[in-house]
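Here is the structure we will look at.
Number of protein chains: 2
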Amino acid sequence: MQVLDERSKKVLCAVVQSYINFPDPVGSRFVTKRYPFGLSPATIRNIMADLEEMGFLTQPHTSAGRVPTDMGYRFYVDSLVAESEHYSNFEILQELYKRIEALKSDIDTFLGETTTTLSKLSHYLGVALSPRPNMITLKRIELFKYKADKVVTILFTDEGLIKNKVISLGSEVSQKDLNRIASYLNSEFSGHTFDEIRLRIVKEMSKEKIRCESLISKAMRICRETLSFYHGDLFISGLSEVLDLPDFADLKKIRELSKAIEDKHTIIKLLDKLSERDGVQVLIGSESSMDEMKKLSMVVSTCREDDRPIGIIGIIGPTRMNYEKAIYIVNNTAKFVSKMLTGM
Amino acid sequence: MQVLDERSKKVLCAVVQSYINFPDPVGSRFVTKRYPFGLSPATIRNIMADLEEMGFLTQPHTSAGRVPTDMGYRFYVDSLVAESEHYSNFEILQELYKRIEALKSDIDTFLGETTTTLSKLSHYLGVALSPRPNMITLKRIELFKYKADKVVTILFTDEGLIKNKVISLGSEVSQKDLNRIASYLNSEFSGHTFDEIRLRIVKEMSKEKIRCESLISKAMRICRETLSFYHGDLFISGLSEVLDLPDFADLKKIRELSKAIEDKHTIIKLLDKLSERDGVQVLIGSESSMDEMKKLSMVVSTCREDDRPIGIIGIIGPTRMNYEKAIYIVNNTAKFVSKMLTGM
DNA sequence: TATTAGCACTTAACCATTGAGAGTGCTAAA
DNA sequence: TTTAGCACTCTCAATGGTTAAGTGCTAATA
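Just so you know, the sequences run in chain order C and G.
Following my numbering, the numbering of the first sequence begins with 313 at its first residue and continues without gaps.
Following my numbering, the numbering of the second sequence begins with 313 at its first residue and continues without gaps.
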């Protein structure tokens with residue numbers, strides 16, 4: 313790929329910025345007016361034609377202005393990061409602190425509320441994903457007898473996540489036995505990740521198969537069932553925010569979006585992949601190589617308590633997104649949430 | 313209000329039914345074709361004019377067919393109930409059983425999944441509301457020390473709802489003290505509804521104010537905080553289903569709907585009101601006297617375990633809803649869920 | 001040689017007009 | 001009391017002409 317000279321870069325960024333602020337294809341004349349480079353529309357036209365040839369811009373139709381491609385957005389975002397954080401907005405921070413500080417509940421509702429905060433601040437979709445089974449470590453498990461043959465299991469994790477689940481055993485078990493089972497499970501599995509535990513259980517169970525009704529095999533069954541459903545919860549909110557955007561003026565786009573939201577699967581997969589790296593990450597449109605996300609971008613960041621990742625939060629919006637603001641919000645929210653959780 | 317003769321009733325129901333099946337204003341000619349009453353279009357026209365005068369039908373414009381008003385739908389629904397359950401659809405039931413039977417978790421996820429089942433079956437919005445604080449009775453409370461000055465409280469209720477919450481105390485408390493607090497709370501509050509407990513706490517605390525740091529006052533604070541957040545959870549799903557309906561072809565309507573969904577408050581209030589009565593209930597459009605619901609109808613039913621209401625489930629759709637099918641689905645789902653929970 | 005002014009060309013968006021189609025209300029006949 | 005006939009109303013889709021915006025190209029210019 314050819315390298316861009318300084319002037320082309322400036323024009324490209326101007327086009328992207330202008331389009332982000334105002335959802336109409338931007339023309340050469342408009343650029344000269346708004347960004348006084350000291351060049352005439354004709355020159356800008358030439359530059360824009362080059363940029364189009366290189367794949368940074370496109371025209372919706374012959375006689376319209378230009379619109380950034382995903383590649384164009386990518387260039388813009390990268391150059392944003394390069395000149396680090398110019399953007400700052402004290403009001404947003406204040407609002408953020410106010411909203412998040414008020415929440416002191418379990419991690420799940422905390423993450424849920426964080427997404428609404430993100431969406432309110434950004435006017436895009438707020439998302440959050442609690443830790444995946446390979447990242448989450450068991451702290452303690454408690455078992456309670458509950459009606460006839462049912463057992464309530466409660467999982468405490470190092471990440472501050474608490475999960476409960478009702479399990480139906482085939483036969484009745486006394487609370488005393490449950491206590492023994494629980495202490496066995498705690499001694500065996502405390503400190504291990506869910507994935508590790510699952511693996512161990514599979515191994516143990518094949519060994520244990522012979523003495524089928526032993527307490528251990530019951531313990532294994534309980535533990536397996538408890539963990540089986542856990543896959544990390546996805547929180548999304550703010551649909552009504554994005555519906556006001558001109559990008560979703562089209563019914564078809566709204567349908568796509570709501571399908572993507574309801575499916576969750578795709579988004580979880582993406583977030584999961586993104587959670588491997590640290591810091592704020594931006595994924596633009598087709599970069600995700602998911603068809604459902606073709607017209608959507610994500611700005612995400614992992615939250616950590618000390619060194620432990622306790623979830624990933626972010627924003628989903630149209631590719632024509634205010635990346636600067638989104639990055640600012642996500643970055644600060646992630647930092648703030650991390651701090652809150654560490655202190656919590 | 314005038315009383316309808318048999319013929320008018322039939323015509324009215326024909327119009328409503330036809331409009332439900334096919335979202336175009338229905339004309340006199342169409343009625344004669346589809347519903348062979350042995351009457352000519354002209355006669356039907358006269359009848360329809362009468363029905364319009366009485367408020368059962370309207371015309372979108374002079375030369376269009378007629379469309380039911382909320383009153384028209386109401387008449388139709390009432391006459392449906394009168395001739396009891398004609399409708400039956402074995403496939404739906406099978407699908408229902410298959411979907412719901414697979415779920416054996418805690419009530420919350422159970423209700424959540426039930427809403428998606430409802431929406432998938434009906435192609436409308438599925439909703440569910442867990443019991444309100446005045447209906448839910450505490451079975452047991454457990455307290456665990458969790459990191460520094462934090463306490464995890466776990467509520468067991470008779471309804472099968474298990475809730476947990478992290479509470480930050482100002483000062484550190486030993487697990488031993490927590491155990492004492494828990495057993496105190498259990499002996500005091502077990503068997504009472506959340507609302508009753510809240511009331512009791514307020515009273516006790518004003519009494520207790522003098523001995524501020526006593527264990528009892530700590531217990532009260534913990535219990536109050538635990539209960540304070542509980543207001544019954546609302547589950548909604550199936551937005552992408554309703555977006556395919558012609559009733560929501562308009563962007564403005566979608567916005568309204570998504571605002572209503574996100575607000576939750578309105579819907580909770582409505583469901584709450586509806587949960588007082590038993591059996592399937594239908595609320596049509598403006599009958600709710602909520603502006604947000606002007607164009608929406610609800611079909612709901614309470615679920616009970618034995619005698620105890622354990623939530624309310626239902627369907628939200630456009631006023632032009634297939635009430636017969638919706639009633640059928642809601643009714644059977646409620647019954648089935650109740651049975652599942654009782655057996656669970 | 002790089003930039004710019006000028007101009008012809010393209011296209012979407014807007015507007016008014018038109019005609020077809022559907023359905024009504026009214027009147028007079030059966 | 002019901003029905004056939006007819007004039008009237010209104011929406012919807014198609015049509016065509018006009019406008020405005022923006023381009024690409026060419027020739028002139030600094």
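We put the beta carbon where it would ideally sit given N, CA and C, even for glycine.
Practice problem: Would you kindly work out how many angstroms separate the C-alpha atoms of G:F541 and C:V463, rounded to a whole number? | Solution: 25 Å
Exercise. Assign G:M313 to one of two classes, buried (16 or more other C-beta atoms within 10 Å of its C-beta) or exposed (fewer than that).
Key: Caution is warranted here: a pLDDT of 46 is assigned to G:M313, below 50, making its placement in the model unreliable, and no coordinate value can be reported.
Practice problem: State the DSSP-derived secondary structure class of G:G438, mapped to helix, strand or coil. | Solution: strand
Quiz item: When DSSP labels each residue in this structure, what does C:P630 get in the three-state scheme?
Solution: strand
Exercise. For G:D362, decide whether its Cβ has a neighbour in chain C, counting only Cβ atoms nearer than 8 Å.
Key: no
Exercise. For C:L363, verify whether its CB is less than 7 Å away from any heavy atom of the ligand MG.
Key: In the structure on display, the ligand MG does not appear, and there are no ligands present to speak of.
Quiz item: Should the segment 633 to 653 of chain G be regarded as contacting the segment 608 to 615 of chain G, the criterion being three or more beta carbon pairs within less than 8 Å?
Solution: yes
Self-check item: Nearest-angstrom Cα separation, counted from G:A531 out to G:R510
Solution: 13 Å
Quiz item: Do G:F547 and G:G424 have their C-beta atoms within less than 8 Å of each other?
Solution: yes
Quiz item: What residue from G:M602, G:E454, G:T631, G:V642 has the CA that sits closest to G:Y305's CA?
Solution: Residue 305 of chain G cannot be examined here, being either before or after the span of chain G that is shown, 313 to 656.
Quiz item: Beta-carbon of C:D619 versus every beta-carbon of chain G: anything under 8 Å?
Solution: no
Exercise. Kindly list the residues whose CB is nearer than 7 Å to the CB of C:M447, restricted to its own chain and excluding five residues on each side of it in sequence; keep chain order.
Key: T505, P621
Quiz item: How many Å lie between G:A440 and C:D556 at the Cα?
Solution: 27 Å
Quiz item: Would DSSP call G:V592 helix, strand or coil?
Solution: coil
Practice problem: Would you mind working out which of C:S552, C:K571, C:H543, C:D619 sits nearest C:D584, comparing C-alpha positions? | Solution: C:H543
Exercise. Would you kindly work out how many angstroms separate the C-alpha atoms of G:I573 and C:K576, rounded to a whole number?
Key: 18 Å
Quiz item: Quick one: what does DSSP say C:G384 is sitting in, helix, strand or coil?
Solution: helix
Quiz item: Does DSSP classify C:N498 as helix, strand or coil?
Solution: helix
Quiz item: Under 8 Å between C-beta atoms, does G:D507 make it to chain C?
Solution: no
Quiz item: Is G:I493 closer than 8 Å to G:L527 when the C-beta atoms are compared?
Solution: yes
Practice problem: Measure the beta-carbon distance from G:I627 to G:V642 and round it to whole angstroms, keeping in mind my assumption that it falls under 8 Å. | Solution: 6 Å
Quiz item: Alpha carbon to alpha carbon, how far is C:E365 from C:A376?
Solution: 16 Å
Quiz item: C:S570 and C:G438: beta carbons closer than 8 Å?
Solution: no
Quiz item: Which bits of chain C does G:V485 rub up against, with CB to CB less than 9 Å?
Solution: Correct list: empty, because the minimum Cβ distance to chain C is about 16 Å.
Practice problem: Answer yes if the segment 460 to 474 of chain C comes into contact with the segment 585 to 598 of chain C, meaning at least three C-beta pairs across the two stretches below 8 Å, and no otherwise. | Solution: no
Self-check item: Segments assigned alpha helix (DSSP H), at least 4 residues, entirely inside the segment 505 to 590 of chain G
Solution: 506 to 520, 527 to 540, 551 to 555, 563 to 575, 577 to 586
Practice problem: Rank G:V389, G:Y388, G:A354, G:V338 by C-alpha distance to the C-alpha of G:T370 and give the top, closest one. | Solution: G:V338
Quiz prompt | Neighbouring residues, chain G, relative to C:F468 (Cβ below 9 Å) | solution = F456, Y458, V464
Practice problem: Report the partner residues of G:C615 according to the DSSP bridge assignment. | Solution: G:G623
Exercise. Using the DSSP secondary-structure output, state which residues sit across from C:S480 in a beta bridge.
Key: C:K462
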